[in-house]
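In this note's numbering, the protein residues as written are 11 to 364.
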């Protein structure tokens, strides 16, 4: 019977990936609970299961005393000497129990806790797997789409994960059976089991996609310094290389735009501006307003996070962008409030006339 028990544990470890040591720990606790209940509430239960010899040892440890007031936890000296001839008052003796003597209630209790231990082991295994994906990109297959809430259920590593409507790229249509990439924003344990929070709108998705497509980023030669994104519409990415001989922007774009085009396709046509990062904030702000040409950047002389940017008159609308998007993303990318003005200086007057 012992042999079958350990064979079953080995099978669970192999099939479910739950370590035998972890499961054994849960089983020991289960037997302790079962024996305590079956023995009327004895507090000191000894359980030793040896996987090497495949032997069980279960005993109730009691205090040897001349006056027994709690028979569940105390034993008379004469009775104690049946188990240990040298037993004296104040010492403890172990009274071995045979597993076959366990009552039906104890056996059921042990069985329940063992099953619970297996479930907890499976949850811990899934949680560990989820945590290894934290801040990474994972692929999932669309299983179903909630027609009311718009939430999408994905299958990721044989687990169902919800992609909320608010984390889906605006305007993007997903279909059942389609494989998509998502970014793991967070992982947490919950009452219903491990939970993975995923997103298609997070800036981290774009960052990880560039890391996958650009060997220079993966090797550390090129570094992503900042990123600003309005999912489904446009992303600005600031890159820098510690090697002066490496064109950081060119590496991300790839030959004939091959690398960035793969990412654009994955993001459903989202526009991506890759700009050169600089420690010179005036130069970085000018780069961030790309594709517009910048004539001059005046930083706040008092050291505040604001600046005035001058552009050619015919570049004003390009610098500002549709509904202010280009300027807004540039501001988020650099961390500066940007005031854009035309070279002619008539921006304010024209605006007043309109």
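Every residue gets a Cβ at the ideal spot worked out from N, C-alpha and C, and that includes glycine. Small disclaimer: the values here were computed from a predicted structure and weren't measured.
Distances from the CA of residue 285 to each of 295, 210, 188, 324 were compared; the closest alpha carbon is that of 295. Taking the C-beta atoms as reference points, residue 234 is found no nearer than 8 angstroms to residue 219. Contact between residue 92 and residue 83 does not hold, since their C-beta atoms are separated by about 17 angstroms, which reaches or exceeds 8 angstroms. Taking 8 angstroms as the upper bound for CB-CB distance, residue 78 and residue 99 are not in contact here, some 11 angstroms apart. Beta-bridge partners of residue 191 (DSSP): 149. A distance of 8 angstroms or more separates the beta carbons of residue 316 and residue 287. Per DSSP, the unbroken alpha helix (DSSP H) holding residue 223 starts and ends at 213–223. The alpha-carbon of residue 259 is positioned some 37 angstroms away from that of residue 205. The DSSP-derived three-state label of residue 168 is coil. Look at residue 63 here: in three-state DSSP terms it is coil, with no helix or strand label. Comparing C-alpha distances from residue 352 to each of 158, 304, 215 shows the shortest one belongs to 304. Residue 210 is not bridged by DSSP to any residue. 184 is the residue among 184, 274, 201 whose C-alpha sits nearest the C-alpha of residue 163. Bounds of the beta strand (DSSP E) holding residue 236 are 232–240.
Under the rule that a run must span 4 or more residues, the alpha helix (DSSP H) segments found entirely inside the region 296–357 read 326–330, 335–344. If the five residues before and after residue 106 are omitted, its C-beta is found closer than 6 angstroms to the C-beta atoms of 69, all from its own chain and listed in chain order. Distance from the Cα of residue 261 is smallest, within the candidate group 283, 242, 232, for 232. Approximately 6 angstroms separates the beta-carbon atoms of residue 280 and residue 245; this is inside 8 angstroms, confirming the contact.
Note on residue 129: under 16 other CB atoms within 10 angstroms of its CB, so exposed under the neighbour-count rule. Just so you know, the alpha carbons of residue 301 and residue 328 end up roughly 7 angstroms apart.
For the options 155, 141, 29, 58, the alpha carbon positioned closest to that of residue 196 is the one of 141. Ranked by how close their Cα comes to the Cα of residue 138, the residues 173, 101, 203, 192 have 203 in first place. Nearest Cα to residue 54 within the set 190, 28, 182, 44: 44. In the structure shown, the three-state DSSP call for residue 279 is coil.
If the five residues before and after residue 257 are omitted, its C-beta is found closer than 8 angstroms to the C-beta atoms of 251, all from its own chain and listed in chain order.
DSSP places residue 86 in the strand class (E or B) of the three-state scheme.
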